[in-house]
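Asks: Chains as they are written, first to last, in my numbering: chain A, 1156 to 1461; chain B, 151 to 697.
Here a beta-carbon is modelled for each residue, glycine too, at the ideal position from N, C-alpha and C.
The structure that follows is given in the form of structure tokens.
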Amino acid sequence: MKKYILKRLFISIITIWLIATCCFFLLRTLPGNPFATQQLLSVEMQQRMMSYYGLDRPLIEQYFTFMKNLLHGDFGSSLKYTGQSVNGIIASTFPVSAQLGLQSYLISFPIGILFGIIAARHRGRPIDYSLVAFSVLGVSVPVFVLASLLQYTFAIKLGLFPVALWSSMKHTILPTLTLAIGSIASKTRLMRTLMLEVITEDYVKTAKAKGLPTWKIVWNHQIRNAIIPMIPSLGMEIVSILMGSFVVEQIFSIPGIGAYFVNSVRSLDYTMTLGLTVFLGVFVVSANFIIDLIYGLVDPRIRVTK
Amino acid sequence: MKKALALLLALVMMIGLLAGCGTTTGGGEEPTATSDTFTMAYNGVVTLNSVMTQASNDHNVLYLLQTQLVRYYDGQVECDAAESYEMSDDALTWTFHLRDGLVWSNGEALTADDFVYGTRCLLDPELGSPQASSWFMIKNAEKFANGEVGWEEVGVKALDEKTVEFTLENPLNSFDQTVACKHIYPLNQAFVETVGVNNLGSSVDTILYSGGYTMTEWVLESSITLEKNPAYWNAENQFPVQTIKLLEVEDPNTEVAMFENGEVDAIEEMAAQYYDYLSDYLYEVNGGGFMFLWMNTTGGTSDESAKVMANLNFRKALSYALDREGICQAVNSANAAATQPIDPNFPGLNGGSFVEEYPVESTPTSGDVAKAQEYLAKALEELGYTDASQLPAMNIVTWDTAEQKTLGEAITDQWKQNLGVNVQLEQYVIGTAIGKFYEKSYDIFLITWETDVKPTDLLQAMTTTGEANPGIWSDPEYDSLVAQAIAELDKEKQAELTQKAVQVFVDDTAIVPLFLEGSVHAKKEYVDGFVIGASDGFQFQNLVVNK
């Protein structure tokens, strides 16, 4: 086990190094430079800015500086936001996105699972059809439509919540719901399918034959087995939840990390893009690492002993 | 069983909701707006480092945070930190006299040295301020910025605690407008050195305030809260609003919803699709930037296309074929169609506007298709083609916003309809697009340029060595006329020379004006004294909220 963990750790570090390196060189192949903006600067002025930020030095020298700083956990300072460090921006925006993601996850996970179970248990009955209809709708309605709909109904018409911004608990409810509804829908579908698969399994029949009470069959033999295939996707799901949603954050004007992912690439803010990519990379790699370990605990068949 | 399930379902939902709420940090109700608070959805700031900023959005907020020698208010230059100023007879020396009682927000006195140091930071080669070239009219400023001479040689001096003197390279009778438009903010040297120039203006604590407001909260890309600065010299009479909240709302739909819901009192820039919807609240401003077509006359995507673009009649055909009025309607009705490069807001000498008093011959704003076809026929003959379909492939390049897309499509469509000329629209992300602009790898480029404060500013930027001209056009006659106009101190002669230069500019048809960009603000009826000028600045010195 120890050997396995060490091996996975080594692979993880190599992966992150590869991500950082590829990203560094790929970014520089993009035409243009970070100081070419709509507010036109003459070529000489652009050169001055480039040399101020050390971007005129040989690329390989810049790469080693970047790597050296990266080892110290320093992503450098943003080229667009003068005087702001990438670390600082991540530190202030990540918690916001993470809070939003966690809130919606805490709502969507139990409800989604429950809906799935209910639908599967009442297969072919009205409650099943309505839940399936809900989940098809929830999956297919685009998030920006849903967001506007919630804004219109709950903020403008009913006046229950603020339209946008992020300054009190009340502000978080609409964006949380927006994110949660789609997620509930997809979980309902998944859980329903998984439940239907196990319902016909032999061990369920055996349990029934033994005369076990229904709740015991459902809990011990159906749910616990059905839920296992959901675990491997958990790693990526948690990462994507924590990293924020560009669309929802934009619509609700939430100061999260989502916008930076998109905008930093567009404005060629090299340090920002690199910092965010590496940060995300570390997250994905470690989440998968942990999930792999947990998976073994949950499902004895996949335990990694050899 | 069903009942139990339903109950369980309700329970789980409750728990989910509660759990969700439990993780929030902030809490409590937002205080409702009173007449002491003004809330506006604005375009956001990138940095409040007055030395390193390159965006007018930043200057909009800096206007509230820092005092300036002179500043713009509703299109006029007004004295701020300077009590008075004068120009020498030869227009080479400008002297600004500071008023009494100027203090920084930490209580230190604000002196002439702070303005001198503020100017120095803009030019210092060590700092690489993107604004340096705006100040190269100051004596030896360019040499200092290139590291050729020391600061002592530069024409910015504090004569005493209350007097700042600027000596210029060439006579300039409108330097006060330049100072107001391009912004020289005072900087406290000791403070700047303590926080470090690069960290200046990166957070609430790394700015020393001297203007109407101090900043109490700043969440990057989200919101700014400003509180009235009692230390401002004119705090008693100006900036009556106690608290200003600036919210960065990216989604236009959300912005409008917040406006309707009373969560914001004003919107800095309305999206064009809501003009009709909110027509009662709109407040239109023209000016800021000109949209141009830059015809690359010195090379392009291919040798053949370069030859075509170098043909004067062909360029004229393109210009005459455009219905600029129609284009403005299609893109943004706040834009004002233009066929010459002078901002129609610039005053003339006899009370009218400059463009009216000194007109030039140009295409009509709604185009002249018959004439365009004549020009095209001539061009095709000169180039040895029999039909427009034989013309080589040509492109028009711009950046990738939706607005530029509509604009580019409207233009290429009119060329196709009116002339049968096919030009391919290509859009790139802004950095890439501007990179191409300077590399000159395009046939036509669609780009804006700021009009600044007087007619000659933009004309100068377009000369052979001008800032805006990456070397795609050069006319010695034009260059010399612009140089003469700038050096001329007699206002009437200056205007005539400017008029001649504009005529040459229009006749050459290398840089083709399309329209003056307009922007539309929205404000509630209870907001008075709401001024956002065409030149930068939230000019809120008389803003009141009567709610």
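Going by DSSP, which residues form a beta bridge with asparagine 545 of chain B?
Replies: Numbered from 1 along the second sequence, position 395 holds the residue referred to as residue 545 of chain B. Bridge partners of asparagine 545 of chain B: B:Gln574.
Asks: If lysine 289 of chain B and leucine 318 of chain B are in contact, beta carbons under 8 Å, what's the gap, nearest whole angstrom?
Replies: Along the second sequence, read from residue 1 onward, the residue named residue 289 of chain B stands at position 139. Along the second sequence, read from residue 1 onward, the residue named residue 318 of chain B stands at position 168. Confirmed, about 6 Å.
Asks: What three-state label does DSSP hand valine 1318 of chain A in the structure shown?
Replies: As a first step, residue 1318 of chain A is located in the first sequence; it is residue number 163 there, counting from the start. Coil.
Asks: Using DSSP with H/G/I as helix, E/B as strand and the rest coil, what is leucine 1185 of chain A?
Replies: In the first sequence, residue 1185 of chain A corresponds to position 30, counting from 1. Three-state DSSP puts leucine 1185 of chain A in coil, outside helix and strand.
Asks: Which residues of chain A have a Cβ atom closer than 7 Å to the Cβ of methionine 408 of chain B, listed in chain order?
Replies: By 1-based counting over the second sequence, the position of residue 408 of chain B is 258. Neighbours of methionine 408 of chain B on chain A, chain order: Val1318, Ala1319.
Asks: Anything in chain B within Cβ reach of alanine 1381 of chain A, meaning under 7 Å, just list it in chain order.
Replies: Residue mapping note: residue 1381 of chain A aligns to position 226 of the first sequence, counting from 1. Residues of chain B passing the Cβ test: none, with the nearest at roughly 17 Å.
Asks: Would you call glutamate 559 of chain B buried or exposed, if buried means 16 or more other Cβ atoms sit within 10 Å of its Cβ?
Replies: Sequence index remark: in the second sequence, residue 559 of chain B carries index 409 (1-based). So glutamate 559 of chain B counts as exposed.
Asks: Find the nearest neighbour of valine 211 of chain B within the set B:Asn692, B:Gln644, B:Phe688, judged by alpha-carbon distance.
Replies: Along the second sequence, one-based indexing puts residue 211 of chain B at 61. When each option's Cα is compared against that of valine 211 of chain B, the closest is B:Phe688.
Asks: Please list, in chain order, the chain B residues whose beta carbon lies closer than 8 Å to that of threonine 1237 of chain A.
Replies: On the first sequence, residue 1237 of chain A is found 82 positions in, with the first residue counted as 1. The answer, in chain order, is Val196, Thr197, Asn199, Met202, Thr203, Asn348, Gly351, Ser352.
Asks: Between methionine 1464 of chain A and chain B, is there a C-beta pair that is closer than 9 Å?
Replies: Lying before the first or after the last residue shown, residue 1464 of chain A is absent from chain A, which here runs from 1156 to 1461.
Asks: Nearest CA to the CA of glutamate 475 of chain B: which residue from B:Leu664, B:Lys590, B:Asn387?
Replies: Here residue 475 of chain B refers to the residue found at position 325 when the second sequence is read from its first residue. Among B:Leu664, B:Lys590, B:Asn387, the Cα nearest to that of glutamate 475 of chain B is on B:Leu664.
Asks: Valine 1287 of chain A lies in the alpha helix (DSSP H); which residues open and close that run?
Replies: For the purposes of this step, residue 1287 of chain A is taken as the residue at position 132 of the first sequence. Taken as a continuous stretch (DSSP letters only), the alpha helix (DSSP H) holding valine 1287 of chain A covers 1281–1295.
Asks: Excluding the 5 residues flanking alanine 484 of chain B on each side, which residues of the same chain have their C-beta closer than 7 Å to its C-beta?
Replies: Within the second sequence, residue 484 of chain B is the residue found at index 334, counting from 1. For alanine 484 of chain B, where only same-chain residues beyond five positions count, the Cβ hits under 7 Å are Glu434, Gly668, Ser669, Val670.
Asks: What span of residues does the beta strand (DSSP E) with isoleucine 597 of chain B cover, start to end?
Replies: Taking the first residue of the second sequence as position 1, residue 597 of chain B is located at position 447. 594–600 is the extent of the beta strand (DSSP E) around isoleucine 597 of chain B.
Asks: Could you tell me which residues DSSP pairs with aspartate 310 of chain B in its beta bridges?
Replies: As a position in the second sequence, residue 310 of chain B is number 160, starting the count at 1. DSSP, once it has assigned bridges, lists B:Thr313 as partnering aspartate 310 of chain B.
Asks: Residues of the region 363–384 of chain B in Cβ contact with chain A at a cutoff of 9 Å, in chain order, please.
Replies: Against chain A - using a Cβ distance shorter than 9 Å - the residues of the region 363–384 of chain B are Val369, Leu370, Glu371, Ser372, Ser373.
Asks: Tell me, please, whether the CB atom of leucine 1423 of chain A is closer than 9 Å to any CB atom in chain B?
Replies: Looking up residue 1423 of chain A in the first sequence gives position 268. For leucine 1423 of chain A, the answer is yes, since a Cβ of chain B falls inside 9 Å of its Cβ.
Asks: For the ligand HEM, is there any heavy atom lying closer than 8 Å to the beta carbon of tryptophan 244 of chain B?
Replies: What this structure holds is no ligand at all, so the ligand HEM is not there to describe.
Asks: Alpha carbon to alpha carbon, how far is leucine 693 of chain B from glycine 679 of chain B?
Replies: Here residue 693 of chain B is taken as the residue at index 543 of the second sequence, counted from 1. Here residue 679 of chain B is taken as the residue at index 529 of the second sequence, counted from 1. Straight-line Cα distance between these residues: approximately 4 Å.
Asks: When the Cβ atoms of the region 612–621 of chain B are set against those of the region 634–641 of chain B, are three or more pairs found closer than 8 Å?
Replies: Not touching, per the Cβ criterion.
Asks: By the 10 Å Cβ neighbour count, where 16 or more other Cβ atoms means buried, how is lysine 1235 of chain A classified, buried or exposed?
Replies: As a working mapping, residue 1235 of chain A is identified with position 80 in the first sequence. Lysine 1235 of chain A is buried by the Cβ-count criterion.
Asks: Residues of chain B with a CB under 8 Å from the CB of serine 1206 of chain A: which are they?
Replies: Locating residue 1206 of chain A in the first sequence gives position 51, counting from the first residue. The answer, in chain order, is Gly278.
Asks: For asparagine 463 of chain B, decide whether its Cβ has a neighbour in chain A, counting only Cβ atoms nearer than 9 Å.
Replies: As a position in the second sequence, residue 463 of chain B is number 313, starting the count at 1. Chain A contact via Cβ: absent.
Asks: For a test of the three-state rule: what should DSSP assign to tryptophan 1374 of chain A, helix, strand or coil?
Replies: Against the first sequence, residue 1374 of chain A aligns to sequence position 219. In the structure shown, tryptophan 1374 of chain A sits in a helix (DSSP, three-state: H, G or I).
Asks: Distance check for proline 280 of chain B and methionine 1205 of chain A, CA to CA, integer angstroms please.
Replies: Here residue 1205 of chain A refers to the residue found at position 50 of the first sequence. Here residue 280 of chain B refers to the residue found at position 130 of the second sequence. Each residue's Cα considered, the two are about 11 Å apart.
Asks: Below 7 Å CB to CB, which residues in the same chain sit around glycine 172 of chain B once its five sequence neighbours on both sides are set aside?
Replies: If you number the second sequence from 1, residue 172 of chain B lands on position 22. The predicted model places glycine 172 of chain B with a pLDDT of 34, which falls under 50 and marks its position as unreliable, so this point remains unresolved.
Asks: At 4 residues or longer, and completely inside the region 236–309 of chain B: list those alpha helix (DSSP H) runs for me, N to C.
Replies: Counting whole runs of 4 or more residues, the region 236–309 of chain B contains the alpha helix (DSSP H) stretches 262–273, 291–295.
Asks: Could you tell me whether the Cβ of glutamine 1405 of chain A comes closer than 9 Å to any Cβ of chain C?
Replies: Annotation note: the requested chain C is absent from the structure, which comprises protein chains A and B.
Asks: Using a threshold of 9 Å, state whether the C-beta atoms of threonine 189 of chain B and alanine 520 of chain B are closer than that.
Replies: As a first step, residue 189 of chain B is located in the second sequence; it is residue number 39 there, counting from the start. As a first step, residue 520 of chain B is located in the second sequence; it is residue number 370 there, counting from the start. Cβ atoms of threonine 189 of chain B and alanine 520 of chain B: not closer than 9 Å.
Asks: Tell whether a beta-carbon distance below 9 Å holds between threonine 364 of chain B and lysine 395 of chain B.
Replies: If you number the second sequence from 1, residue 364 of chain B lands on position 214. If you number the second sequence from 1, residue 395 of chain B lands on position 245. No, Cβ-Cβ distance for threonine 364 of chain B and lysine 395 of chain B is not below 9 Å.
Asks: Counting only beta-carbon atoms, is leucine 159 of chain B nearer than 9 Å to chain A?
Replies: Locating residue 159 of chain B in the second sequence gives position 9, where the first residue counts as 1. Here leucine 159 of chain B scores only 46 on pLDDT, less than 50, and its place in the model should not be relied on; the value that follows carries that caveat. Yes - at least one Cβ of chain A is within 9 Å of the one on leucine 159 of chain B.
Asks: Between which two residues does the alpha helix (DSSP H) holding glycine 346 of chain B run?
Replies: The residue labelled residue 346 of chain B in the question sits at position 196 within the second sequence. It is not in any alpha helix (DSSP H) - glycine 346 of chain B carries neither H nor E in the DSSP assignment.
Asks: According to DSSP, simplified to helix, strand and coil, what is tryptophan 1172 of chain A?
Replies: One-based indexing of the first sequence puts residue 1172 of chain A at position 17. If DSSP states are grouped into helix, strand and coil, tryptophan 1172 of chain A belongs with the helices.
Asks: Kindly indicate if chain A contains any beta-carbon less than 9 Å away from that of aspartate 686 of chain B.
Replies: Counting from one through the second sequence, the residue named residue 686 of chain B turns up at place 536. No, no contact with chain A.
Asks: Return no unless some Cβ of chain A is closer than 9 Å to the Cβ of lysine 586 of chain B.
Replies: Indexing the second sequence from 1 puts residue 586 of chain B at position 436. True, the Cβ-Cβ gap to chain A drops below 9 Å.
Asks: Out of A:Tyr1415, A:Ile1386, A:Val1437, A:Tyr1425, point me to the one whose CA is closest to phenylalanine 1264 of chain A's CA.
Replies: Along the first sequence, one-based indexing puts residue 1264 of chain A at 109. Closest option to phenylalanine 1264 of chain A, Cα to Cα, is A:Ile1386.
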